[in-house]
Amino acid sequence: MNWNAVRALVRKDLKVVFQNKGVSIPLIMAPIIILVALPVVVAVLAPTLGDMGATGSAGGMLQGLPGSQAALAGYDEAQGFVVYVLVYMLAPFYLILPVVSAMSIACDSFAGEKERKTLEALLYTPTTDGELLLGKLLSAWLPALGIAWGGFIIYSVMVNLAAWPVLGRVFFPTTMWVILAVWVAPAAAGLGVCATVLISSRARTFQEAYQLGAVVILPVLMLLIGQVTGVMVLSIWLVALLGLVFWAIDATLLWFGRRTFRRSKLATQM
Amino acid sequence: MNSDTAFVTDGLTRHFGSVVAVDHLTVEVQAGEVFGFLGHNGAGKTTTVRMLNGVLAPTSGTTRVLGLAPTEQGPALRRRTGVLTETPSLDERLTGRENLEIYAALYGVPRREIAARVKELMEVFQLDDRAEEKAGDYSKGMKQRLALARALIHRPELLFLDEPTSGLDPVATRQVHDMITHLSHDEERTVFLCTHNLDEAQKLCDRVAVLEHGKVVALGTAEELARKLGRGQRLELKVAPGDEETALRLLQEAPGVSASRENGAIVASGAGGETIPALVTSLASAGVRIYRVAPQQASLEDIYFALQGEQEVMS
């Protein structure tokens with residue numbers, strides 16, 4: 085493996101991608117909305133949650149979520165509401181970030197190169213097919229990982245600030261969130277990258293690749309529905325298992341990609 | 048394949064579904080040669096370049112390039128070849144310098160040498176004063192020069208140039224031609240030039256292959272092709288008004304010569320070399336007042352269109 089070539093590929097892709105406003109603006113805005121704006125909204129609403137609980141709104145809602153009771157044991161209604169929203173309901177949103185970031189960058193990597201007609205020169209370089217694939221995977225995975233881990237730190241600060249008026253103490257990150265950030269988020273980013281690179285190597289345009297790649301978000305959306313409906317509230321073991329499933333899918337996609345990725349196939353599409 | 052051979056192909060064929068892009072291509076190109084690959088768009092030139100670099104696998108046939116098998120030894124081969132693609136294929140969001148630096152790393156130029164090599168090429172291709180500007184802001188000629196610099200970044204032994212002057216203005220075309228001549232004559236690199244520009248091929252190439260629907264229909268130097276097609280030298284004569292009929296009659300009577308009027312002059316086909324003095328003497332002896340005698344070699348353009356005519360008749 086020629087790591088200098090892989091590093092050059094990653095450097096090239098990152099420089100190109102972050103100069104594309106169509107990709108870089110969503111990469112900046114999505115974390116701001118999910119990890120900063122949403123906790124701020126909760127912080128603003130937090131003082132009124134006690135009143136809501138008194139009227140039965142918040143408490144009623146939490147009681148309607150079958151899996152929430154065990155997760156929120158020891159909290160009063162207002163605290164429980166804040167904890168449930170910030171710790172459980174926003175967890176799937178957090179996972180969407182590395183998936184979507186990875187997808188945006190990965191779509192630009194092959195389909196975008198085809199669109200810009202820059203792929204041909206790349207195919208004539210002495211890189212092997214494996215180096216080409218690895219370079220493309222890393223150039224999407226590394227920034228997605230950076231966004232996930234950077235976002236986790238920012239979210240930790242924002243959550244504690246938002247919950248302070250109600251909880252009066254630092255309670256975040258929880259063990260579940262540490263597992264989510266360290267174990268699941270890299271796997272989720274890998275899922276977005278592997279699936280999208282495989283798709284975008286076959287798609288002709290960035291848009292086509294992005295639309296086809298959107299299917300990757302479905303498992304995370306199912307997780308979100310589980311939280312909102314309370315059917316499947318996240319726990320340490322569930323999160324650990326989720327990471328394992330994602331890594332297994334990543335490994336399968338990677339194996340499949342390595343076996344099927346051929347520059348000669350790409351050359352026939354130019 | 049001997050040590051002087053840059054590449055050799057034997058029955059190289061590539062199908063795309065039912066379409067035959069390259070059909071049993073058999074050529075041998077010598078090291079240091081400028082070899083022209085002539086054909087209209089879609090004749091199979093780019094597909095051939097891709098197969099010769101191991102980017103596309105042939106459907107059948109064999110090839111050795113610089114002693115290597117492109118399909119099995121692609122990375123090792125591509126370290127020694129450089130390709131100027133039909134479109135410059137530059138990363139337009141990167142600066143000219145960044146484009147070269149990244150490709151230098153991809154082609155395995157040692158890290159400590161990259162900066163000096165990039166600077167050198169930027170100067171050679173007269174891009175040094177615009178090195179920090181984005182490639183997207185370059186003119187078409189500058190982009191082509193940058194792409195050529197990129198193809199040379201690792202000092203390849205064999206250079207593939209796919210339509211290097213397509214869409215360029217005459218000044219930029221002249222610059223690219225001068226660079227190809229320099230690379231061939233001064234640096235002794237083998238150049239495989241794909242073009243549909245016949246003047247360009249005539250000016251730059253030692254030998255040419257004419258490609259038609261993926262098949263080589265003629266191969267050799269321009270002179271050899273002209274001879275094969277019976278389109279040898281021609282003689283253009285300008286004679287005094289009133290003497291034209293006599294001149295035409297005398298020329299047509301000469302063995303192996305046919306004469307006709309073209310654009311106010313008399314053109315004698317098949318007349319050239321040693322026959323010219325005899326023809327001129329016979330005309331002068333008959334009292335024909337000759338103003339101008341201009342021997343002409345059949346151009347590649349004449350040959351190309353003659354070949355196309357033959358192909359149409361055959362099909």
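Line by line, the protein sequences are chains A and B. Per our numbering, the very first residue in the first sequence carries number 85; after that it's consecutive. Per our numbering, the very first residue in the second sequence carries number 48; after that it's consecutive. Don't be surprised by glycine CBs; every beta carbon is placed ideally from N, CA and C. This one's a predicted model, so the numbers in the text were calculated from it and none came from an experiment.
Going by alpha carbons, who is nearest to Ala163 (chain B) out of B:Gln191, B:Ile200 and B:Ser107?
B:Ile200
Hey, Ala228 (chain A) and Val277 (chain A): beta-carbon distance below 8 Å or not?
With a cutoff of 8 Å on beta-carbon distance, Ala228 (chain A) and Val277 (chain A) are scored as near each other.
Quick check on Val218 (chain B): buried or exposed, where buried means 16 or more other Cβ atoms within 10 Å of its Cβ?
exposed
Which two residues bound the contiguous alpha helix (DSSP H) that contains Arg296 (chain B)?
It spans Glu291 to Glu300 - the alpha helix (DSSP H) in which Arg296 (chain B) sits, taken as one unbroken run.
Is any beta-carbon of chain A found at less than 8 Å from that of Ile200 (chain B)?
no
Please name the residue in B:Thr293, B:Glu179 and B:Tyr338 whose C-alpha comes closest to that of Thr329 (chain B).
The amino acid at residue 329 (chain B) is misidentified as Thr; the sequence shows Ser. Nearest option by C-alpha distance: B:Thr293.
Using only the alpha-carbon positions, how far apart do Ala195 (chain A) and Val241 (chain A) sit?
37 Å
DSSP on Ala232 (chain A), reduced to helix/strand/coil?
Helix at Ala232 (chain A).
Between Phe63 (chain B) and chain A, is the shortest Cβ-Cβ distance under 8 Å, so that the two count as touching?
yes
When you check each C-beta in the region 174-197 of chain B against every C-beta of chain A, which residues fall closer than 8 Å?
Ala194 and Arg197
Which residues in chain B sit within 8 Å of Thr352 (chain A), going by Cβ to Cβ distance?
Phe63 and Leu103
Minimum Cβ-Cβ distance from Lys198 (chain A) to chain B less than 8 Å
The C-beta of Lys198 (chain A) comes no closer than 8 Å to any C-beta of chain B.
Using a Cβ-Cβ cutoff of less than 6 Å, which residues in the same chain neighbour Trp339 (chain A) once the five nearest sequence positions on both sides are dropped?
none
Are the CB atoms of Cys241 (chain B) and Asp209 (chain B) nearer to each other than 8 Å?
yes
Can you list the residues of chain A that Ser136 (chain B) reaches, using a CB-CB cut of under 7 Å?
Lys201, Thr202, Glu204 and Ala205
Can you tell me which residues form a DSSP beta bridge with Leu224 (chain B)?
Checking the sequence shown, residue 224 (chain B) turns out to be His, not Leu. Answer by DSSP bridge pairing: none, since His224 (chain B) is not bridged.
Where the alpha helix (DSSP H) containing Cys191 (chain A) begins and where it ends:
Leu174 to Ser193
With distances taken between CB atoms, is the gap from Leu78 (chain B) to Thr237 (chain B) smaller than 8 Å?
First, the residue type needs correcting, since residue 78 (chain B) is Ala and not Leu in the sequence shown. For Ala78 (chain B) and Thr237 (chain B), yes; Cβs fall inside 8 Å.
Identity of the residues DSSP links to Thr202 (chain A) by a beta bridge
According to DSSP, Thr202 (chain A) bridges with nothing at all.
In this structure, does DSSP put Arg254 (chain B) in helix, strand or coil?
strand
Based on Cα-Cα distance, which residue from A:Ile112, A:Phe236 and A:Asp213 lies nearest to Gly121 (chain B)?
A:Asp213
Inside the region 95-158 of chain B only - alpha helix (DSSP H) runs reaching at least 4 residues
DSSP runs (the alpha helix (DSSP H)) wholly in the region 95-158 of chain B: 121-125 and 143-153.
Which value, in whole angstroms, describes the spacing of the CA atoms of Gly155 (chain B) and Arg125 (chain B)?
11 Å
Kindly say whether Pro122 (chain B), judged by its beta-carbon, lies nearer than 8 Å to any beta-carbon of chain A.
The beta carbon of Pro122 (chain B) sits closer than 8 Å to some beta carbon of chain A.
Excluding the 5 residues preceding and the 5 following Asp57 (chain B) in the sequence, name in chain order all residues of the same chain whose CB lies nearer than 8 Å to its CB.
Thr73, Gly108, Thr109 and Thr110
By the 8 Å beta-carbon criterion, what residues does the region 138-164 of chain B contribute toward chain A?
Answer set for the region 138-164 of chain B: Asp138, Glu139, Arg140, Leu141, Glu145, Ile149, Tyr150, Ala152, Leu153, Tyr154, Gly155 and Arg158.
Step through the CB atoms of chain A and report whether any lies within less than 8 Å of the CB of Arg254 (chain B).
Using beta-carbon distances, Arg254 (chain B) does not count as an interface residue toward chain A, since no partner is under 8 Å.
Output yes if chain B places a C-beta closer than 8 Å to the C-beta of Lys99 (chain A); else output no.
yes
Between which residues of its own chain and Leu206 (chain A) is the CB-CB distance below 6 Å, once the five residues before and five after are set aside?
Cβ neighbours of Leu206 (chain A) beyond the five flanking positions: none.
Would Thr344 (chain A) count as contacting chain B if we go by Cβ distances under 8 Å?
no
Report all residues from its chain with a CB closer than 6 Å to the CB of Leu251 (chain A); omit the five preceding and five following residues, and keep chain order.
Apart from the 5 residues on each side of it in sequence, Leu251 (chain A) sits with its Cβ closer than 6 Å to the Cβ of Gln163 in its chain, given in chain order.
Among B:Gly143, B:Arg158 and B:Ala194, which one has its Cα closest to the Cα of Asp175 (chain B)?
For Asp175 (chain B), the nearest C-alpha among the options comes from B:Gly143.
Alpha carbon to alpha carbon, what distance is there between Ala89 (chain A) and Asp349 (chain B)?
Roughly 47 Å between the two C-alpha positions.
With 16 as the cutoff for other CB atoms within 10 Å, does Leu115 (chain B) come out buried or exposed?
buried
Do you know whose CA, among B:Leu113, B:Ala68, B:Tyr150 and B:Gln343, lies nearest Leu93 (chain A)'s CA?
B:Tyr150
Residues that Asn100 (chain B) contacts on chain A, provided the C-beta gap is smaller than 8 Å
Tyr208
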